[in-house]
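K.L.:
Protein chains in written order, with this note's numbering: chain A, 72 to 185; chain B, 19 to 133.
Note that beta-carbon positions come from the ideal geometry of N, C-alpha and C, so glycine has one too.
First the structure, which I've put down as structure tokens, then a few questions once you've had a look.
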Amino acid sequence: AQSVTQLDSQVPVFEEAPVELRCNYSSSVSVYLFWYVQYPNQGLQLLLKYLSGSTLVKGINGFEAEFNKSQTSFHLRKPSVHISDTAEYFCAVRVVQGAQKLVFGQGTRLTINP
Amino acid sequence: DAGVTQSPTHLIKTRGQQVTLRCSPKSGHDTVSWYQQALGQGPQFIFQYYEEEERQRGNFPDRFSGHQFPNYSSELNVNALLLGDSALYLCASSLRGDGYNSPLHFGNGTRLTVT
Numbered sequence: 072a073q074s075v076t077q078l079d080s081q082v083p084v085f086e087e088a089p090v091e092l093r094c095n096y097s098s099s100v101s102v103y104l105f106w107y108v109q110y111p112n113q114g115l116q117l118l119l120k121y122l123s124g125s126t127l128v129k130g131i132n133g134f135e136a137e138f139n140k141s142q143t144s145f146h147l148r149k150p151s152v153h154i155s156d157t158a159e160y161f162c163a164v165r166v167v168q169g170a171q172k173l174v175f176g177q178g179t180r181l182t183i184n185p
Numbered sequence: 019d020a021g022v023t024q025s026p027t028h029l030i031k032t033r034g035q036q037v038t039l040r041c042s043p044k045s046g047h048d049t050v051s052w053y054q055q056a057l058g059q060g061p062q063f064i065f066q067y068y069e070e071e072e073r074q075r076g077n078f079p080d081r082f083s084g085h086q087f088p089n090y091s092s093e094l095n096v097n098a099l100l101l102g103d104s105a106l107y108l109c110a111s112s113l114r115g116d117g118y119n120s121p122l123h124f125g126n127g128t129r130l131t132v133t
């Protein structure tokens, strides 16, 4: 079975500051990794995904994430945040072979203060 | 190009009742998955439908059932509602032919409140 742990339930930062949202996963088989964002009263929107190749993945809205296989981590980063980045962020995994289901972490609420 | 649409957006039911939630996938998609997102939690996989059959199921009781129609739209039915069924129910669609890394497109969800 797979599991995902998001190490911070809430992250407050000031506007234009850098941010890192941490994600660790556990799996006995190879997985794909994803970050989704959820704005209030909306569904989930894909930010970025790691399937294979370069461990540094760039996504939408200036976000990027780095896959670290030895540490089983997939941390999300942004060098300078904006008020509009205030949202809930979810890390998720899916096994490479077989099931299409996503296994999500608990989420990290990112709050941007002016 | 319409994305994933879900109806209704909000619903209030009483314990013991039954509820049906509906989902229309993104145009061109043929696979529908349902997720339950309790307040303050990440989404949890309920089941997935492809070619009108349930292909995979998460750890949910038989009170949760579904259906997929020939036009790829889907319904989620929950019987004998419990207070703990209160959650945001998300529908996600994808195209099976895109393979295992096919991205999921999510709807905005149906907020179910059980009183």
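I'd like the list of long-range same chain contacts for B:GLN86, defined as Cβ closer than 7 angstroms, with 5 residues on each side in sequence excluded.
P.N.:
Against the second sequence, residue 86 of chain B aligns to sequence position 68. When the five nearest sequence neighbours on each side are left out, the beta carbons in the same chain lying within less than 7 angstroms of the beta carbon of B:GLN86 are those of VAL50, TYR67, GLU70, SER92, in order along the chain.
K.L.:
I'd like the span of the beta strand (DSSP E) that includes B:PHE87, first residue to last.
P.N.:
Taking the second sequence and counting its residues from 1, one reaches residue 87 of chain B at position 69. Taken as a continuous stretch (DSSP letters only), B:PHE87 belongs to no beta strand (DSSP E), as it is neither H nor E.
K.L.:
Report the three-state DSSP secondary structure of A:ASN132 (helix, strand or coil).
P.N.:
By 1-based counting over the first sequence, the position of residue 132 of chain A is 61. Helix.
K.L.:
Rounded to whole angstroms, how far is the Cβ of B:GLN62 from the Cβ of B:GLY76, which I believe are closer than 8 angstroms?
P.N.:
Looking up residue 62 of chain B in the second sequence gives position 44. Looking up residue 76 of chain B in the second sequence gives position 58. Confirmed, Cβ separation roughly 6 angstroms.
K.L.:
Could you tell me if B:PRO43 is buried or exposed, where buried requires 16 or more neighbouring beta carbons within 10 angstroms of its beta carbon?
P.N.:
By 1-based counting over the second sequence, the position of residue 43 of chain B is 25. B:PRO43 comes out buried.
K.L.:
Below 8 angstroms on the Cβ atoms is my contact criterion, and I expect A:PRO89 with A:LYS149 to pass it. Report the Cβ-Cβ distance as a whole number of Å.
P.N.:
Translated into positions along the first sequence, residue 89 of chain A becomes position 18. Translated into positions along the first sequence, residue 149 of chain A becomes position 78. Contact flag correct, Cβ pair sits at about 7 angstroms.
K.L.:
Mark A:ASP156 as exposed unless 16 or more other C-beta atoms lie within 10 angstroms of its C-beta, in which case mark it buried.
P.N.:
In the first sequence, the residue the question calls residue 156 of chain A occupies position 85. Flag for A:ASP156 reads buried.
K.L.:
Using beta carbons (cut-off 8 angstroms, strictly below), is B:PHE82 in contact with chain A?
P.N.:
Locating residue 82 of chain B in the second sequence gives position 64, where the first residue counts as 1. With 8 angstroms as the cut-off, B:PHE82 does not count as an interface residue toward chain A.
K.L.:
Between the C-alpha atoms of A:TYR121 and A:ALA158, what's the straight-line distance to the nearest angstrom?
P.N.:
Along the first sequence, read from residue 1 onward, the residue named residue 121 of chain A stands at position 50. Along the first sequence, read from residue 1 onward, the residue named residue 158 of chain A stands at position 87. In a straight line, the C-alpha of A:TYR121 is about 21 angstroms away from that of A:ALA158.
K.L.:
Just checking: is the beta-carbon of B:SER45 within a distance shorter than 8 angstroms of some beta-carbon in chain A?
P.N.:
Position 27 of the second sequence, counted from the first residue, corresponds to residue 45 of chain B. By this cut-off, B:SER45 is not an interface position.
K.L.:
Under 8 angstroms Cβ to Cβ from A:GLU91, same chain only, skipping five residues before and after it: list those, please.
P.N.:
As a position in the first sequence, residue 91 of chain A is number 20, starting the count at 1. HIS146, LEU147, ARG148, listed in sequence order.
K.L.:
Under the three-state reduction of DSSP, which class applies to B:ARG114: helix, strand or coil?
P.N.:
Position 96 of the second sequence, counting from 1, holds the residue named residue 114 of chain B. Correct three-state label for B:ARG114: helix.
K.L.:
Listing by chain order, which chain B residues have their CB less than 7 angstroms from the CB of A:LEU173?
P.N.:
Taking the first residue of the first sequence as 1, we reach residue 173 of chain A at position 102. Within chain B, the residues near A:LEU173 are PHE63, LEU122.
K.L.:
Report yes if the CB atom of B:SER104 is closer than 8 angstroms to the CB atom of B:LEU130, and no otherwise.
P.N.:
Taking the first residue of the second sequence as 1, we reach residue 104 of chain B at position 86. Taking the first residue of the second sequence as 1, we reach residue 130 of chain B at position 112. For B:SER104 and B:LEU130, yes; Cβs fall inside 8 angstroms.
K.L.:
So B:LEU12 and B:THR133 are in contact, right, with Cβ under 8 angstroms, and what is the actual spacing, rounded?
P.N.:
Coverage of chain B is limited to positions 19 through 133, which leaves residue 12 of chain B absent and any answer about it impossible.
K.L.:
Any beta carbon of chain E sitting closer than 8 angstroms to that of A:PHE161?
P.N.:
Of the protein chains in this structure, namely A and B, none is chain E.
K.L.:
Look up B:SER120 in the DSSP assignment and say whether it is helix, strand or coil.
P.N.:
Against the second sequence, residue 120 of chain B aligns to sequence position 102. Residue state, collapsed to three classes: coil.
K.L.:
Assess, as a yes-or-no matter, whether the segment 97-115 of chain A is touched by the segment 160-173 of chain A under the definition of 3 or more beta carbon pairs within less than 8 angstroms.
P.N.:
yes
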